[in-house]
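**Student:**
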Amino acid sequence: MTIDNYKFAGKKAIVRVDFNVPLNENGQITDDTRIRGALPTLKHILNEGGALIIMSHMGKPKGKVNAKYSLSQIVDAVSAALGVKVQFAPDCAKAKAQADALKAGEVLMLENLRFYAEEEGKPVGIEKEDPAYEEAKKAMKASQKEFAKTLASYADCYVNDAFGTAHRKHASTAVIADYFDADNKMLGYLMEKEVQAVENILNNIKRPFTAIMGGSKVSTKIGIIENLMNKVDNLILCGGMTYTFAKAQGGHVGNSICEDDKLDLALDIMAQAKAKGVNLVLGVDSVCGDKFANDANQLICPSNAIPEGWEGLDAGPESRKLFTKAIEGAKTILWNGPAGVFEFDNFTGGSRAIAEAVANATDNGAYSLIGGGDSVACVNKFGMADRVSYISTGGGALLEAIEGKVLPGVAAIKGE
Ligand code: AMP
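Convert by adding 688 to the 1-based position in the sequence shown; the result is the number in the numbering used here.
(1) In chain order, what residues of the same chain have a beta carbon less than 6 Å from the beta carbon of Val812, not counting five sequence neighbours either side?
(2) What are the boundary residues of the beta strand (DSSP E) that Asn967 is part of?
(3) For the beta strand (DSSP E) that Asp973 lies in, which residues bound it at each end?
(4) In or out: Lys748 buried (at least 16 other Cβ within 10 Å) or exposed?
(5) Terminal residues of the continuous alpha helix (DSSP H) containing Glu887?
(6) Could you pull out every residue in the same chain whose Cβ sits closer than 7 Å to the Cβ of Phe868, ignoring the five residues on either side in sequence?
(7) Counting along the chain, where does the alpha helix (DSSP H) carrying Lys700 start and finish?
(8) Near Ile723, which residues of its chain fall below 7 Å by C-beta distance, leaving aside the five closest residues on each side in sequence?
(9) Which same chain residues end up closer than 6 Å to Ser974 when comparing Cβ atoms and leaving out the 5 residues on each side of it in sequence?
(10) May I ask you to check if the CB of Thr908 is nearer than 7 Å to at least one heavy atom of the ligand AMP?
(11) Can you name the start and end residues of the alpha helix (DSSP H) that Gln986 belongs to?
(12) Apply the 10 Å Cβ neighbour rule to Gly1082 and answer buried if 16 or more other Cβ atoms are within range, or exposed otherwise.
(13) Quick one: grab the DSSP three-state call for His745.
(14) So, helix, strand or coil for Gly1000, using DSSP?
(15) Taking 8 Å as the limit between beta carbons, can you name the residues of its chain near Leu1121, skipping five residues before and five after?
(16) Can you give the Cα-Cα distance for Ser1056 and Leu1022, rounded to whole angstroms?
(17) Alpha carbons only, please: which of Leu730, Gly698, Ala755, Phe696 is nearest the one belonging to Glu713?
(18) In chain order, which alpha helix (DSSP H) runs of at least 4 residues are fully inside the stretch 1007-1053?
(19) Which residues bound the beta strand (DSSP E) around Asn735?
(20) Pull up the CB-CB distance for Thr932 and Ala1018, whole angstroms please, since I reckon it's below 8 Å.
(21) Cβ of Val1029 versus every heavy atom of the ligand AMP: is any distance shorter than 7 Å?
(22) If you follow the alpha helix (DSSP H) that Asn915 is in, where does it begin and where does it stop?
Below, the structure written as structure tokens:
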């Protein structure tokens, strides 16, 4: 079923959203992007004459009630965003009466799902090494099903619009779907957009395809790099990983971030690229600092000849030219991870050059997907968010999808 085809009139819809918004010490929302992201789905259901039961997690309360993570703090903001007074259920597992009383156009928000350990389905207070762990895990899986069944009992249909948690097999993101038949469960608009964006990058590729992987470490990106290697024409590897590659080839990287136990892996990636005909683009020069700080003294030098006492903190001017060349002619672009320590204003040049090249290529008709927290922060910092095709809201979920893994939250609905 799709959200556009479903007849919500007179029905109750339970919608999993990602309202895990950042709050300040006074419980005020500091960034409401996630609430705004869910509005098209929520408003559509109300406009079609449905009643809404909204459910989400917030933070990591680890199965215990904790006022710091109470969703009661955001009820007013959600009411304002929806233009409807939102009712609140202070115990998400005991909300049946409130749900039953809901009328068309009304909204009920459940308290934080993760106040129950059943949401995540991991046994609490017992270590994996404990001989009783497997038994505890089995018992927890059984009570997770009961918890999901209770949530399902509140509504006629289930909508999942929480892409940020789609890579988790939790009660509200996946298990609950077992209690609805295929005609009564669907993805929300945000999820549909995210799934389509991944589809464009993995299966609907216009060539040339350039992927830009940055960030700090090659070890955390290896699954994605290996999957992309089978798809891309150009693969730019930048940021902190530059120095693992430079050292693997016999270079000197001074104090730069470097994974000494991943040198063979770096050489293997280079060999794979060669074998597959992928144009692997590595930075050739770096802007170095004499300390890890914004006000460090700067030195531009080859990335494989960094003097002791200096560390590479950004891509240098020659690297930026190489990156730009590989991006500007592309028709499909994926960018994850900055080209330097972009949090320091004096070391943003490499990431800015990439953002500009991506925006220019998009102006020329490329499809560009930006995902993973830091690269999103980059395009926002440079004011280029409206010059790229799509900015993903999912960190881990997006990365797992690009690795080629099936997302439980999507599979539970689409049955894949
Ligand atoms: P990741 O979470 O792996 O995507 O890494 C993002 C982080 O990588 C950002 O916080 C950047 O500051 C950091 N980063 C990028 N380039 C470098 C570098 N040359 N040295 C140290 N950290 C870096």
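All C-beta atoms in this analysis are idealised placements derived from N, C-alpha and C, irrespective of residue type, glycine included.
**Tutor:** In brief:
(1) Gly751, Ala805
(2) 967-970
(3) 973-977
(4) exposed
(5) 877-890
(6) Ala840, Cys845, Tyr846
(7) Careful: Lys700 lies outside any alpha helix (DSSP H), inside the beta strand (DSSP E) at 700-704.
(8) Phe707, Val709, Ala765, Val766, Ala769
(9) Ser991, Gly1000, Gly1004
(10) yes
(11) Segment 986-990 is the beta strand (DSSP E) holding Gln986; no alpha helix (DSSP H) there.
(12) buried
(13) coil
(14) strand
(15) Because the chain spans 689 through 1104 in this model, residue 1121 falls outside it and cannot be assessed.
(16) 6 Å
(17) Ala755
(18) 1037-1051
(19) Taken as a continuous stretch (DSSP letters only), Asn735 belongs to no beta strand (DSSP E), being part of the alpha helix (DSSP H) at 721-735.
(20) Not quite, the Cβ-Cβ distance comes to about 25 Å (not below 8 Å), so this is no contact.
(21) yes
(22) 910-916
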